[in-house]
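Everything below concerns the one structure shown next.
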Amino acid sequence: MKKKLALLLAALLLFGSAACGKTDTADDTQQEIQTEFNLPKCGLSYTIPDEWVEMENTNLIPASYVKVNGDIYAKIQYNYAPDENMEPLNDAESTIAVEELMTPIVEMLVVRTENLETDEVKEEMDFFKSVEKIGVKGDFQFFFLTDYADGIDHFSTEAQATFRELESYLPELRESIEISLPDEEAVLDEAEENSKYLNFISNTLDGDPVTSAVFYDYDMTVVNFWASYCEEDNINELDTLQSFYKDLQKKHPNVNFVQVVIDTPGQKAEKIATDAYKKAGVTFKGIMPDQNLATWITDNLEGLPTTVFVDSKGKPADLKIKGIQDASYYMETTETMLKKMKTSK
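For the sequence shown, the positions run -21 to -1, 1 to 324 when mature numbering (1 follows the signal peptide of the UniProt record, and there is no 0) is used.
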């Protein structure tokens, strides 16, 4: 495997949380040269050791989050994964536990003083043999965690040697750390803004991985929300939606259509929905919501079925189609919304 060094923090926005920083993963060159990080939302700035950048065949996998109301306010973690583990790590269907495939080298933790004795904080610190207090800013305490308690005996001899070499440069990382009072207002503002978007990481009814990136390749995506219990109540427009989808592909290939089955995952609901899809000859994606998408549904929908129009960034328009409609109505409304989205750019 070619050198894979992910030095920009991965930002995964989940329900109730926001990342310390964001990155555009499309620019690999930028990822390989950036070593200095200033993360005001976390109250941390630091510099990655140059030696980490120069080492060959090194897979460093970062993760970070900020959770304003959580027992742990912020966490930044750098993990090492041997080359031989990268394929199962990237395989959504792999049954190997993630902790067996990669191991934390270091973790920076930000905790409110009042939460230091909570179970979540204690359990997190127990994952490491070395817990060093970096300092205090206001109500926040900062920690530098190293020497993962479960060790690296599960790695190959070569991978263990690489891990130990990476560890040897941790004093440089520790020396570079500067702390400041975390910018909670910025975190809340970002969380509020992102709550307007459909962000999810889940699976389709067929079991394939799917994320909100499904919106990015189209000028607009029509999203229909439905439930398996609608099928039991004879509220079913799958034939109509399939006809609309086929016409949409011909007339507007830059517009996609997907359906979210809101009462999945769940064995009974999945079977009902899958059987209904087969009966109607459905070829569009049926998406099972994760917690983030489920929360958006609860906050924004009043009944089923409901159809919304989402732009290429994942932001739904205000207009919603409520109830069952015919294919021509869906097409006319879609074309109207497409024009509006194009003119509003």
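Note that CB positions come from ideal geometry on N, CA and C, so glycine has one too.
Fill in: Same chain, Cβ closer than 8 Å to residue 142, five either side skipped, listed in chain order
Within the same chain, residue 142 has close Cβ partners 59, 82, 84, 131 and 134.
Worksheet item: Quick one: what does DSSP say residue 313 is sitting in, helix, strand or coil?
Response: Correct three-state label for residue 313: helix.
Worksheet item: Can you pull the DSSP bridge partners for residue 82?
Response: For residue 82, which the question treats as bridged, DSSP gives the partners 59.
Worksheet item: Do residue 158 and residue 204 come within 8 Å of each other at the CB atom, strictly closer than that value?
Response: No.
Item to complete: Using three-state DSSP, classify residue 236 as helix, strand or coil.
Response: Three-state result, residue 236: strand.
Worksheet item: Do residue 179 and residue 269 have their C-beta atoms closer together than 8 Å?
Response: Contact: yes.
Item to complete: Pull up the DSSP beta-bridge partners for residue 91, would you.
Response: Answer by DSSP bridge pairing, in chain order: 119.
Fill in: First through last residue of the beta strand (DSSP E) which encompasses residue 34
No beta strand (DSSP E) holds residue 34; DSSP gives it neither H nor E.
Worksheet entry | Best match in 289, 173 and 243 for proximity to residue 312 [C-alpha to C-alpha] | The residue with the shortest Cα to Cα distance from residue 312 is 289.
Worksheet item: How is residue 191 classed by DSSP in three states: helix, strand or coil?
Response: Residue 191 falls in the helix class under three-state DSSP.
Worksheet item: What residues are listed by DSSP as bridge partners for residue 42?
Response: Residue 42 is bridged by DSSP to 56.
Fill in: residue 263, DSSP secondary structure in three states
In the structure shown, the three-state DSSP call for residue 263 is coil.
Discussion item. With three or more C-beta pairs closer than 8 Å as the rule, is the region 229 to 238 touching the region 185 to 202?
Written reply: Short answer: they touch.
Fill in: Residue from 20, 239, 258 and 45 whose Cα sits closest to the Cα of residue 190
The option with the nearest alpha carbon to residue 190 is 239.
Fill in: Own chain residues within Cβ distance below 6 Å of residue 318, not counting five before or after
Closer than 6 Å at Cβ, skipping near neighbours: no residue.
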